[in-house]
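Going letter by letter, the sequence shown gives residues 820 to 1136 in our numbering. A virtual CB, placed ideally from N, CA and C, is assigned to each residue, including glycine. Remember, predicted model here, so these are calculated numbers, not experimental data. Here the structure comes first, spelled out in structure tokens, and everything after it is commentary.
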Amino acid sequence: MKILITGGAGFIGAHLAKKMIERGDEIVIVDNFNDYYTPQLKRDRVENVLKGLDFKLYEADIRDREKMAEIFEKENIEKIVHLAAMAGVRYSLEKPELYYDVNVMGTQNMLDLSVKHKIQNFVYASSSSVYGNNTKIPFSESDNVDAQISPYAASKKANELQAHVYSHIYKLPTAGLRFFTVYGPWGRPDMALFLFTDAIIKNKPIDVFNNGNMSRNFTYVDDIVSGIMTALDANLVCEIVNIGGDREEKLLRFIEVIEENVGKTADKNFKPMQPGDVPATVADISKLRKMGWEPTTRIEKGIKNFVSWYKTYYKVQ
Ligand SMILES: NC(=O)c1ccc[n+]([C@@H]2O[C@H](COP(=O)([O-])OP(=O)(O)OC[C@H]3O[C@@H](n4cnc5c(N)ncnc54)[C@H](O)[C@@H]3O)[C@@H](O)[C@H]2O)c1
């Protein structure tokens, strides 16, 4: 099939593009290579992760309606995996207008063009952050999600509403995937695993928020990719689906595994909770499991792969 991946130079997008090209899909990537984090890492992903593979890349902004319309006219796209977004909770508190512009208006452009071009399936990235401060654990797709606590989370919840409207009015098949803390090689420099590994290697202290009293369903990037492909192939009509690891890991255990792999102990600065952050995200993944998906990578192996990638990429002795 011919599939458009927006944000295809991103962490998840590059891994997804690789797997899909390898199984025979024709992939078109749109990415604006913005500088939220170093664009060089995005270019290096395209060059290395997608090395030797055949795909089409447009360096373009999803907010640019004319350019997007041109791409849709030119390519006969059948399905879309829409991952392009301003990601990262903390920066959204500094730049809320940018997050709403890209995540809400950019997504609106993609939905409008999807209807116009009769796209068979519009699969998009939502986030576990839409669960906000919900206390019922695990987080299930049927829970109420009416209380986000960051502009980022609100923009992702808005995406779910936008998609619902278009599924209802225009019968556009949509599936919103709520990813739970994704990690792995080529990961984002603003995320905990990268920050911790980088600091420990450079003998710098790490900030451990909520005094380390946090837990996450960390999800290895290969499991996210297989989850996205499962949802895409299922041709869902108007659904929301969690994709998360199957274990609630304590943050301090996560740090311990990094220390084991780096071979050094972290100098930890215990700090209070950050605004916009939540103490625990635990996924109910039964819905995607029923479609045949299963997460397979534990943090011991996933972190090992990450640290090994980091050392190679940054030429650490
Ligand atoms: N990584 C996670 O833990 C996680 C968790 C929940 C949800 N998500 C969501 O998954 C998606 C992918 O996340 P990621 O971790 O790969 O992030 P990422 O920042 O590495 O990837 C996003 C990509 O989108 C591109 N992009 C951003 N704005 C754009 C625009 N206006 N036009 C075109 N391209 C644009 C960026 O250049 C980047 O390459 C995002 O929607 C994110 O919100 C990620």
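- Here residue 970 is actually not in contact with residue 1024; their C-beta atoms are around 29 Å apart, not less than 8 Å.
- Short note on residue 931: C-beta not closer than 7 Å to any heavy atom of ligand 1.
- Following the DSSP letters along the chain, one finds residue 1060 inside the beta strand (DSSP E) bounded by residues 1057–1062.
- When secondary structure is reduced to three states using DSSP, residue 902 falls in the coil class, being assigned neither helix nor strand.
- Residue environment: residue 1132 is assigned as exposed (fewer than 16 neighbouring CB atoms within 10 Å of its CB, all protein chains considered).
- Rounded to the nearest whole angstrom, the C-alpha separation of residue 1014 and residue 1041 is 21 Å.
- From the listed residues 968, 1021 and 979, the smallest Cα separation to residue 960 is found for 979.
- For residue 895, the CB contacts under 7 Å within the same chain, skipping 5 residues up- and downstream, are 821 in chain order.
- Across the set 1020, 1019, 1047 and 1011, the C-alpha of 1011 shows the shortest separation from the C-alpha of residue 1031.
- In chain order, 825, 826 and 881 place their CB closer than 6 Å to the CB of residue 903, counting only its own chain and leaving out the 5 sequence neighbours on each side.
- Under a 10 Å Cβ-count criterion, residue 1110 is classified as exposed, with fewer than 16 other Cβ atoms of the shown protein chains found around its own Cβ.
- The alpha helix (DSSP H) runs lying completely inside the segment 834–922 and spanning 4 residues or more are 858–868, 884–893, 908–913 and 915–918, given in chain order.
- The straight-line gap separating the alpha-carbon atoms of residue 1078 and residue 823 is approximately 39 Å.
- Excluding sequence positions up to five before and after residue 1086, its CB lies within less than 6 Å of the CB of 1024, all in the same chain and listed in chain order.
- Rounded to whole angstroms, residue 1096 and residue 912 show a C-alpha spacing of 11 Å.
- Boundaries of the beta strand (DSSP E) harbouring residue 942: 940–946, taken from the DSSP string.
- The beta carbon of residue 1026 sits closer than 6 Å to the beta carbons of 1088 and 1090 from its chain, once the five residues preceding and following it are set aside; these are given in chain order.
- At least one heavy atom of ligand 1 is found less than 7 Å from the C-beta of residue 1007.
- When the beta-carbon positions are compared, residue 1035 and residue 906 stay at least 8 Å from each other.
- Non-local beta-carbon contacts of residue 955 in its own chain, meaning distances under 7 Å to residues more than five positions away in sequence, involve 962 in chain order.
- Cβ neighbours of residue 1083 within its own chain (closer than 6 Å, five residues either side excluded): 1019.
- The criterion of a C-beta distance shorter than 8 Å is satisfied by residue 976 and residue 964.
- Secondary structure at residue 988: helix, using DSSP grouped into helix, strand and coil.
- The straight-line gap separating the alpha-carbon atoms of residue 1054 and residue 999 is approximately 22 Å.
- Secondary structure within the segment 985–1058: the alpha helix (DSSP H) runs of 4 or more consecutive residues, fully enclosed, are 1011–1020 and 1040–1052 (chain order).
- With a cutoff of 7 Å, residue 853 counts as near ligand 1, since its C-beta is closer than that to a heavy atom of the ligand.
- The three-state secondary structure of residue 968, taken from DSSP, is coil.
- Its Cα nearest to that of residue 941, the residue 926 stands out among 951, 926 and 1092.
- In its chain, beyond the 5 residues on either side, 820 and 822 have a beta carbon closer than 7 Å to the beta carbon of residue 844.
- For residue 1123, the enclosing alpha helix (DSSP H) begins and ends at 1118–1132.
- Distance from the CA atom of residue 921 to the CA atom of residue 1122, rounded to whole angstroms, is 31 Å.
- The nearest non-hydrogen atom of ligand 1 is less than 7 Å from the C-beta of residue 828.
- Here the distance from the Cβ of residue 925 to the nearest heavy atom of ligand 1 is below 7 Å.
- Secondary structure at residue 1100: strand, using DSSP grouped into helix, strand and coil.
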